[in-house]
């Protein structure tokens, strides 16, 4: 299983009628078992690239292949976690997961879907809150439900669009650990592709970090391999000299433009 | 009141319908005080109106005084269900006949209008195809349809039902379309990523997200339908509250006309409150969570 993006170009027409070249010549091959982050300033096209990988958007030119098969639409091999939770407000937590799993895996017996829904909701610690509506729980819980929903589809590729941007720092730390745990042990998921604004988050979680430049420059500025052994400990990793090296490189790359501060 | 702006509808898919809101009095301290001031002012307003009416009626031989009209109203309400032949029935009999017609036309309008509205809001092509027709027909007084239905059905009371259908149709279609067009992009993306089938999309995304707007449409429709039924029954004759008013006018009994007016108003108020309740029941907290 690999996710292969080749020669991706994407332009948008702005409200004023200007054509904006958002993605310019992106080549990225994510290998099985890899966690890859995309980092860059707002407007660099990282979310666009993620949506293209998910099949929600089509590139102008270039191809996306999942395990050699061309991606033109969303598929059960790829699941997404959106920035703003995106739970359906009238469904309980468990129904949000069940409905998505049944829709994404129509061939599967519904008893099996329910079982998987229970497993992942339990894994993120939400089984006892399963009957609550999204409006009744905190932002962190909503995002955990969204993560459970994505894993419950049992995708090979998990696509995350700034998944922890809207939660507080402590919740974020817990969610990051849960994510890595689910990805490494409990699930079928092989590849994680994540959009983030957080430099430390990218280093802590990823094997490789794609640093993206603002248009009109070529989209991929650099790809940095973190080379830190797993399991990683969020406290001691900060003292790792290699962590420091990667952090400085990322800061250097992202501050070249110096247009807006980057969350550290 | 929630209403969709006409000029927006002509150009493009409509803007999202805001949540139904009820204008309340400015905050006072404690509900008892609030209720007391509300009641006091209501009584004051009604008394002023009645006094003006009483004063006006002293200058006219035709206009009955409030005392006469309320007396007639009391008599009408005292025996509401009697039936002495086609032109002499209790007021409740007329009301029930009118409510029945409104209900039939309204249900038919909802059965057609909700699916059509959902389709128009969810599908660009359906919108482009149907919107010009809707915009052309919507400004037409529903009464203008009466001759058409009469020719088709050859039965005046039946034609009245279908005039109500037309009346109720447009607000339902347009509000439903507005609701369906305003399904949040997040929800559409969820449906796409998890590959919701058509049934799952309608059931879990389109319908729940459009529901508040649909109820707003139903409420508007019911309001207009209840107004139009009086007019159409004046045309159609037969049993009904509109006929009752016309018949009372022909008998030069304005007291009965005024009584009927008050009863119609009260029934309309109750209908509106029912739909307001329904609107609150289907509103969802944190709808865009």
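Chains as they are written, first to last, in the numbering used here: chain A, 1 to 264; chain B, 1001 to 1289. All residues carry an ideal CB built from backbone N, CA and C; glycine is no exception. Predicted model only: the values in this text are computed from it and were never measured.
Please confirm whether residue 1223/B and residue 1231/B have their CB atoms less than 8 Å apart.
no
Backbone CA spacing between residue 1299/B and residue 1131/B [nearest angstrom]
Because chain B spans 1001 through 1289 in this model, residue 1299/B falls outside it and cannot be assessed.
Given that residue 153/A touches chain B, what residues does it touch there, using C-beta distances under 8 Å?
1194
Let me make sure I understand the geometry here. Which of 157/A, 128/A and 121/A has the alpha-carbon closest to that of residue 67/A?
157/A
Cα-Cα separation between residue 1085/B and residue 1168/B, rounded to whole angstroms:
31 Å
What does the alpha-carbon distance come out to for the pair residue 72/A and residue 1106/B?
44 Å
Neighbour-count burial assignment, residue 141/A, 16 or more Cβ in a 10 Å radius
buried
Report back the beta-carbon spacing between residue 194/A and residue 163/A to the nearest angstrom; my notes put them in contact at under 8 Å.
7 Å
Between the region 79-91 of chain A and chain B, which residues of the former have a C-beta closer than 8 Å to a C-beta of the latter?
79, 80, 82, 84, 85, 86, 87, 88, 89, 90 and 91
Proximal chain A residues relative to residue 1208/B, where beta-carbon distance stays under 9 Å:
88, 89, 90 and 91
Proximal residues to residue 221/A (C-beta, below 8 Å), its chain only, five neighbours per side dropped
40, 211, 212, 213 and 253
8 Å Cβ cutoff, residue 1284/B in contact with chain A
yes
Short of 7 Å in beta carbon distance, which residues of its chain neighbour residue 1150/B, apart from the five on each side in sequence? Order them along the chain.
Excluding residues within five positions, the ones whose Cβ falls inside 7 Å are 1156 and 1159.
Should residue 1206/B be labelled buried (16 or more other beta-carbon atoms within 10 Å of its own) or exposed?
buried
Which residue comes first and which comes last in the beta strand (DSSP E) that contains residue 80/A?
Its beta strand (DSSP E) spans residues 78-81.
Pick helix, strand or coil for residue 132/A, following the three-state DSSP scheme.
coil
Is it true that the CB of residue 22/A sits closer than 8 Å to the CB of residue 13/A?
no
So what's residue 20/A in DSSP terms, helix, strand or just coil?
strand
Endpoints, alpha helix (DSSP H) assigned at residue 48/A
Going by DSSP, residue 48/A is part of the alpha helix (DSSP H) stretching over 46-54.
Taking any Cβ of chain B, which residues in the region 63-77 of chain A have a Cβ under 9 Å from it, in chain order?
73, 74, 75 and 76
Integer-rounded CB distance, given that residue 20/A should sit under 8 Å from residue 231/A
That belief does not hold up - the Cβ atoms of residue 231/A and residue 20/A are roughly 41 Å apart, past 8 Å.
Going by DSSP in three states, residue 39/A sits in which element: helix, strand or coil?
strand
Interface residues of chain A around residue 1200/B at Cβ under 7 Å?
Ordered by position in chain A, the residues that pass the 7 Å Cβ test against residue 1200/B are 99 and 103.
Name, please, each residue of chain B whose Cβ falls closer than 8 Å to the Cβ of residue 250/A.
For residue 250/A, no chain B residue has a Cβ inside 8 Å of its Cβ, as the nearest lies near 29 Å away.
So is residue 1004/B buried or exposed if we call it buried at 16+ other beta carbons inside 10 Å?
Residue placement at residue 1004/B is flagged as unreliable, the pLDDT there being 45, under the threshold of 50; a coordinate-derived value is accordingly withheld.
Please work out which residues of its chain come closer than 7 Å, Cβ to Cβ, to residue 206/A, disregarding the five sequence neighbours upstream and downstream, and give them in chain order.
35, 36, 37 and 226
Residue 120/A and residue 152/A - do their beta-carbons sit closer together than 8 Å?
yes
Residues of chain B with CB closer than 9 Å to the CB of residue 56/A, please, in chain order.
The contacting residues are 1189, 1192 and 1193.
Could you work out which residues of chain A lie near residue 1197/B, taking near to mean beta carbons separated by less than 9 Å?
103 and 106
Partner residues on chain A for residue 1205/B, Cβ-Cβ distance less than 9 Å
Taking a Cβ-Cβ cut-off of 9 Å, the neighbours of residue 1205/B in chain A comprise 88, given in sequence order.
Suppose the cutoff is 6 Å on Cβ atoms and the five residues either side in sequence are ignored; what does the same chain contact list for residue 139/A look like?
166 and 167
Cβ-Cβ distance between residue 1235/B and residue 1172/B below 8 Å:
no
When you compare the CB of residue 1008/B with every CB in chain A, is at least one pair closer than 8 Å?
Unreliable positioning characterises residue 1008/B in this predicted model, as indicated by a pLDDT of 41, which lies under 50. A coordinate reading is not provided.
I think residue 1195/B touches residue 74/A, with their Cβ atoms under 8 Å apart; what is that distance to the nearest whole Å?
6 Å
Cβ closer than 7 Å: which chain A residues qualify as neighbours of residue 1186/B?
82, 84 and 86
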